[in-house]
Ligand SMILES: [Zn+2]
């Protein structure tokens, strides 16, 4: 599953959004995913699922026949997971059977004398109005006109809300899906399309069959008013679906899918394993993407407007490659339990890297990884938890350890084993466990069998142990001995699951005669290494290129940092140098060097980091460099980073004038959006008129209008309240509504009536609006919103992920001084040099999130794409 990073685009979501990284998709009721795999009474081998819908009532009518194979002797009854469904009848082998319904089970009585090893056909007729698992997106009286869509989201344990079934990953079944829908609709489900036939009443019946078994959380149904584009890889159909008004966006955003299937098939040595690959993009999706077997569902936010395509460096590719990677890791080979979810998510994250390296190049992949590292370390709650663990609540196992650290671990394993051995291990893992459920030990065993290399220590420290090394490093040079002495200390607190790390590290020493690479193995708390050096080094790199997930304190002199920024071969080392130089506030040489890098570094990632560093400097000279850099920069993703950095110069007339002019006209819409937000943020003279004009002007997908609505919130001018209320109201575009509600949250904070207006959106028919209202109330800080939030918490139909989010905002309102609220420990804190002022703290967080957005892809930490 791709976590919902799209929400990060709302600037105020910051704190909460970063928190989300560690607890996405928590379920709505106080239910934790079952951490350990269940013991089974039966093997569910095949399900024939026939569904009809009554969209107006949000109702599903089902007739499902399960083929079950008994695994125990003397069973009198078997149970299926089923929540809130009205069961009309149950027949076992075509004979009416008795059944009971509990809060979350359907218990079916078996005929007397049932024997182990026998098969039963259990047919269940039912109906339901699911509160989760199956979602109806309906064009309504006060809704933005969007095509009708029905879609499901099973992971982690929500299939049971619309289908009585065995709903845990440790069973696999084939499926036949029979969907009867209006003739004008399309449907998508797992497997091959067998046929479409006429049904009574102007309906058609679609039949899909999946002949390879997978788990029920990977079952999917999508139906509604869609446009289809057909593509292929070898002789396998590859299809893309968009809500019917956005079919023109499919090929340009998704057309690289066959190339990805090809790359992954070749790298893994195992061909794409399913009969087709479809990707259906739906509105208001509750995740970024979901890797249903052979039939991924993604957020429609991944369908960039054609005019904005050139503005995103990696486009939708991280999301596409993530979900595609799951078709092998997660679908073909599936985690046995939620405690090992990294076997799905870490691999999918790693496969994003594989695509980015191949298509966009090493520098882009390296920069993504450099950013990941910072993000993982700033989400502090992750550090003390191992990747494989069973002590989680409310789906919080889908955290930055399963995704980011999981992906990192595979990256490090590839480096330590070497590319060939690594992929030989993965091939064996996939072949030996094809169609099976696995735990982490199956992976280490397969790697050892394929490579004859023992990886136990590696798995012990990175997967079963917690944390990552924190190094302090320094060096001296003895010119007479012609020797560099490097002292390396591991400073992480060794407690609980965090131990000492044993890691191979590349040290590079550059002297007048050139660079020399020295591989060392760090194993101790404190160690000293010596290297020959024919002269005083110009640069010493510890872990060249950031090949290890780690933090490091390595004090360097300005001279060395200047050299490193200009000359280091790897992106990560230049980015590190840029950050360090940025902390030298008023230093002329540092400023000039950063300006040079802003114009000339070959990595656009490094240039974005340089822009942020110059912004942090805040000096007149830094502003000058940023303005010069803007003149020399074409790429929209760098231009917008520079513009964003300019918001730190509210007293610099040239910077302010430039923001004003970029807001009005620029080659990049993203840069203009950043300028609109910035002039609101710094309250520049004339900002109100500029922002109001932008709200009323046209731009692709309303990008400028949404940025302006956001800017009006930051501007703090109460005159904007009526305009923001107008755009927050039902009937406007949902993205504009989200921006307007977030803007309103910042205005007239003591106005309880306005608070109640926002609280009214907690009941909105659009899920994203409800979510936005929750965050907006937390940000607003008016405690009079607490009852409305508490009432929402009691609602039985809470969407996925909302419960912890609501609790957190209530906590924020109850304890305004505490950072982060109930899940505070999970939040990323602003960097040490953040200013105390709340607005500035937010601004810093906003910047962090925007950086993440740029990388996203989405979201992932990889994702649905940011709409700035
Ligand atoms: Zn995933």
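Numbering (my numbering), first residue to last: 7 to 874.
Glycine included, each C-beta is placed from N, C-alpha and C at the ideal position.
Three-state secondary structure assigned by DSSP to residue i
i: residue 196; result: coil
i: residue 848; result: In this prediction, residue 848 has a pLDDT of 45, which is less than 50 and means its spatial position is unreliable; what the coordinates show is noted afterwards. Residue 848: helix per DSSP, three-state reduction.
i: residue 808; result: helix
i: residue 115; result: strand
i: residue 344; result: helix
i: residue 5; result: The structure shown does not extend to residue 5, since the chain is modelled only from 7 to 874, so the question has no answer here.
i: residue 272; result: helix
i: residue 48; result: strand
i: residue 238; result: strand
i: residue 814; result: helix
i: residue 404; result: coil
i: residue 827; result: At residue 827, the pLDDT of 37 sits below 50, so the modelled position is not reliable and the matter cannot be decided from this model.
i: residue 936; result: The shown model of the chain, from 7 to 874, leaves out residue 936, and the question about it has no answer.
i: residue 94; result: strand
i: residue 72; result: strand
i: residue 7; result: coil
i: residue 373; result: helix
i: residue 499; result: coil
i: residue 514; result: strand
i: residue 218; result: strand
i: residue 180; result: strand
i: residue 526; result: strand
i: residue 304; result: strand
i: residue 766; result: helix
i: residue 169; result: coil
i: residue 443; result: strand
i: residue 124; result: coil
i: residue 141; result: strand
i: residue 284; result: strand
i: residue 648; result: helix
i: residue 759; result: helix
i: residue 210; result: strand
Environment of residue i [buried if 16+ CB atoms lie within 10 Å]
i: residue 679; result: buried
i: residue 164; result: buried
i: residue 716; result: buried
i: residue 637; result: exposed
i: residue 774; result: buried
i: residue 534; result: exposed
i: residue 155; result: buried
i: residue 186; result: buried
i: residue 432; result: buried
i: residue 672; result: buried
i: residue 516; result: buried
i: residue 780; result: buried
i: residue 541; result: exposed
i: residue 146; result: exposed
i: residue 28; result: Unreliable positioning characterises residue 28 in this predicted model, as indicated by a pLDDT of 29, which lies under 50. The coordinate reading is nonetheless provided below. That one is buried.
Cβ distance (whole Å) where residue i is taken to contact residue j below 8 Å
i: residue 567; j: residue 583; result: 5 Å
i: residue 306; j: residue 288; result: 6 Å
i: residue 132; j: residue 91; result: 5 Å
i: residue 304; j: residue 281; result: With a Cβ gap of about 20 Å, residue 304 and residue 281 do not count as contacting.
i: residue 746; j: residue 765; result: That belief does not hold up - the Cβ atoms of residue 746 and residue 765 are roughly 15 Å apart, past 8 Å.
i: residue 490; j: residue 560; result: 13 Å between Cβ atoms; not a contact.
i: residue 276; j: residue 348; result: That belief does not hold up - the Cβ atoms of residue 276 and residue 348 are roughly 20 Å apart, past 8 Å.
i: residue 760; j: residue 719; result: Not quite, the Cβ-Cβ distance comes to about 12 Å (not below 8 Å), so this is no contact.
i: residue 625; j: residue 597; result: 7 Å
i: residue 361; j: residue 269; result: 6 Å
i: residue 413; j: residue 505; result: Not really, about 22 Å apart at Cβ, beyond 8 Å.
i: residue 463; j: residue 508; result: 7 Å
Contact with chain B by residue i, beta-carbon distance below 8 Å
i: residue 100; result: Included in the structure is just one protein chain, with no chain B present.
Counting Cβ pairs closer than 8 Å, one from the region 644-653 and one from the region 397-417, do we hit at least three? no
Taking contact to mean at least 3 C-beta pairs separated by less than 8 Å, is the region 505-513 in contact with the region 545-559? yes
May I ask you to verify whether the region 215-233 touches the region 168-186, counting CB pairs closer than 8 Å and requiring at least 3? Contact holds: three or more Cβ-Cβ distances are below 8 Å.
With a threshold of 8 Å, are at least 3 pairs of Cβ atoms found where one atom belongs to the region 73-92 and the other to the region 237-244? no
Which residue spans inside the region 550-635 form an unbroken alpha helix (DSSP H) run of at least 4? Uninterrupted alpha helix (DSSP H) stretches at least 4 residues long and entirely within the region 550-635 occur at 564-573, 577-588, 594-606, 610-623, given in chain order.
Alpha helix (DSSP H) segments (min. 4 residues) lying fully within the region 661-732: Listed in chain order, the complete alpha helix (DSSP H) runs (minimum 4 residues) inside the region 661-732 are 675-687, 693-701, 709-721.
Segment contact flag, the region 652-663 with the region 687-696, C-beta cutoff 8 Å, min 3 pairs: yes
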